[in-house]
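> Dropping a structure here in structure tokens format, bear with me for questions.
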Amino acid sequence: MKPSGKIVSRLSEQGYRLTPQRMMILSVIEGGGGHISAEEIYAQVAAKYPYVNISTVYRTLELLKRLGLVTETDLGDGRLRYHPAEKGHHHHLVCTECGVVINLDESVLARLEDVLLHRYNFSADLKHMAIFGRCANCSE
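So for the sequence shown, the numbering used here puts the first residue at 139; every next one is plus one.
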């Protein structure tokens, strides 16, 4: 799988080299279908390109995050997860008891964003986040 033209062209426009390692990292992120950790990305890339090193994965993720091409989310499992930014904003409810992750529609947080701005004069970045608590099954 080749990474999408949007990410590749954005990196190229900014003057970043499109190394084979970077291209493989991008492919894994885009092909993951969901949220993927740096360690999972590394394992998939290293299976095809054993000379890659984990620091290359971390540096590439930092670059992609800084350019707004990936989002970073803590889903409470001790690892940061990454997701292509172009796949849209969404949020998660994470059960601290059983670990289930429920997708939360972005519109639910629109009011919170508005309240934070008007009441506290705070412009919150609510593009991608996790809220921790207990799911219905664990609350019974």
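C-beta atoms are modelled at their ideal positions from N, C-alpha and C, and glycine is treated no differently.
Under three-state DSSP, which class holds residue 222?
Numbered from 1 along the sequence shown, position 84 holds the residue referred to as residue 222. Residue 222 carries a strand assignment under DSSP once its states are collapsed to helix, strand and coil.
> So the candidates are 195, 205, 253; which of them puts its Cα closest to the Cα of residue 158?
Within the sequence shown, the letter at position 20 stands for residue 158. Checking every option, the nearest Cα to that of residue 158 belongs to 195.
> Nearest by alpha-carbon distance to residue 246: which of 185, 198, 264 is it?
Here residue 246 refers to the residue found at position 108 when the sequence shown is read from its first residue. Considering only alpha carbons, the answer is 264.
> Rounded to a whole number of angstroms, what is the C-alpha to C-alpha distance between residue 211 and residue 228?
Counted from its first residue, the sequence shown places residue 211 at position 73. Counted from its first residue, the sequence shown places residue 228 at position 90. Cα to Cα, the separation comes out at about 11 Å.
> One question on the structure: do residue 236 and residue 271 come within less than 8 Å of each other, judged by their Cβ atoms?
In the sequence shown, residue 236 corresponds to position 98, counting from 1. In the sequence shown, residue 271 corresponds to position 133, counting from 1. No; because the gap between Cβ atoms is not below 8 Å, this pair is not in contact.
> Quick check: residue 160 and residue 198, are their CB atoms within less than 8 Å of each other?
Translated into positions along the sequence shown, residue 160 becomes position 22. Translated into positions along the sequence shown, residue 198 becomes position 60. Going by beta carbons, residue 160 and residue 198 fall inside the 8 Å limit.
> Counting C-beta neighbours from all protein chains within 10 Å, is the total for residue 269 16 or more, i.e. buried, or is it exposed?
Here residue 269 is taken as the residue at index 131 of the sequence shown, counted from 1. By the 10 Å Cβ count, residue 269 comes out exposed.
> So, with DSSP's three-state summary, where would you put residue 238?
Sequence index remark: in the sequence shown, residue 238 carries index 100 (1-based). The three-state reading of DSSP puts residue 238 in coil, since its state is none of H, G, I, E or B.
> Anyone know if the C-beta pair for residue 183 and residue 163 falls short of 8 Å?
Your numbering for residue 183 matches position 45 in the sequence shown. Your numbering for residue 163 matches position 25 in the sequence shown. Yes, the Cβ-Cβ distance between residue 183 and residue 163 is below 8 Å.
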